[in-house]
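J.:
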Amino acid sequence: MNWDIVQPNLEKRGFATRRFATAADARAALIEEIGENKKIGLGGSMSVVSLDIEGELKEKGCIFYNHSACAPENIRQELINAQFADYYLASSSAVSQDGVLYNIDGRGNRVTAMLWGSSKLILVIGKNKIVPKGEDGFERIRREACPPNCRRLNRNTGCALTGKCTDCAPSAGRICNAFVTIEHPAGRSTELWLVDEDMGY
Ligand code: SF4
Numbered sequence: 000m001n002w003d004i005v006q007p008n009l010e011k012r013g014f015a016t017r018r019f020a021t022a023a024d025a026r027a028a029l030i031e032e033i034g035e036n037k038k039i040g041l042g043g044s045m046s047v048v049s050l051d052i053e054g055e056l057k058e059k060g061c062i063f064y065n066h067s068a069c070a071p072e073n074i075r076q077e078l079i080n081a082q083f084a085d086y087y088l089a090s091s092s093a094v095s096q097d098g099v100l101y102n103i104d105g106r107g108n109r110v111t112a113m114l115w116g117s118s119k120l121i122l123v124i125g126k127n128k129i130v131p132k133g134e135d136g137f138e139r140i141r142r143e144a145c146p147p148n149c150r151r152l153n154r155n156t157g158c159a160l161t162g163k164c165t166d167c168a169p170s171a172g173r174i175c176n177a178f179v180t181i182e183h184p185a186g187r188s189t190e191l192w193l194v195d196e197d198m199g200y
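Numbering that gives the first Met the number 0 numbers the first residue of the sequence shown as 0 and each following residue consecutively.
#1: What's the C-alpha gap between residue 114 and residue 185?
#2: Are at least three pairs of beta-carbons, each pair with one atom in the region 119-130 and one in the region 147-156, less than 8 Å apart?
#3: Who pairs with residue 99 in a beta bridge, going by DSSP?
#4: Going by DSSP in three states, residue 195 sits in which element: helix, strand or coil?
#5: Using beta-carbon positions only, say whether residue 1 and residue 140 come within less than 9 Å of one another.
#6: What do you reckon, are the CB atoms on residue 82 and residue 111 nearer than 9 Å?
#7: Around the ligand SF4, which residues pass a check of Cβ closer than 6 Å to any of its heavy atoms?
#8: Confirm, please, whether the CB-CB distance from residue 15 to residue 191 is below 9 Å.
#9: What are the boundary residues of the alpha helix (DSSP H) that includes residue 54?
#10: With a cut-off of 8 Å on the beta carbons, I'd call residue 94 and residue 5 a contact; round off their distance for me.
#11: Pull the bridge partners of residue 88 from the DSSP assignment, please.
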């Protein structure tokens, strides 16, 4: 499945989109788009991590805010800085054929920043995130995204241990605490960068 059917439906909903044949093309465009001396918030997206932009942009004077990489005592301020940076970069965990974005979050910072902030939101989304007609986006996330994400984060959840959702308890390190659908752009400038390759989970 590719973005041919989904892209027009996203645009009908008001999302600005750009289309890229490869992740490498998206990377080059992102480096050009951001330019120099910008502040960039990261939402913990493996799709964005896979683009490996941090080193090159830091050489151009850019500053990244990433709560996963800062000292515990600085996390609160890092989350605020990320939400109000010049750019916020993330992905979406599932996109329905009719153009609805589905996301889950453990802490809530990423989905909050996707909904509202002072700067430009760019979501880089691989074609593996497209959900076939009739399938619920959150089912895709629990089946495809949560097990590898929980393993990566060393969580003791049922999906990390068995590969299947067990509707685990918060004490296990559950990452499915907030479920958010976005049907139209919310309170910030939003572009969806649609990539015709698989990216992230
Ligand atoms: S509820 Fe728990 S077991 Fe189910 S997908 Fe989410 S983290 Fe995994």
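Idealized CB from N, CA, C, for every residue including glycine.
T.: Let's see:
#1: 5 Å
#2: no
#3: Paired residue(s): none; residue 99 is not in a bridge.
#4: coil
#5: no
#6: yes
#7: 141, 145, 149, 156, 157, 158, 164, 165, 166, 167, 173, 174, 175
#8: yes
#9: 53-58
#10: 6 Å
#11: 41, 121
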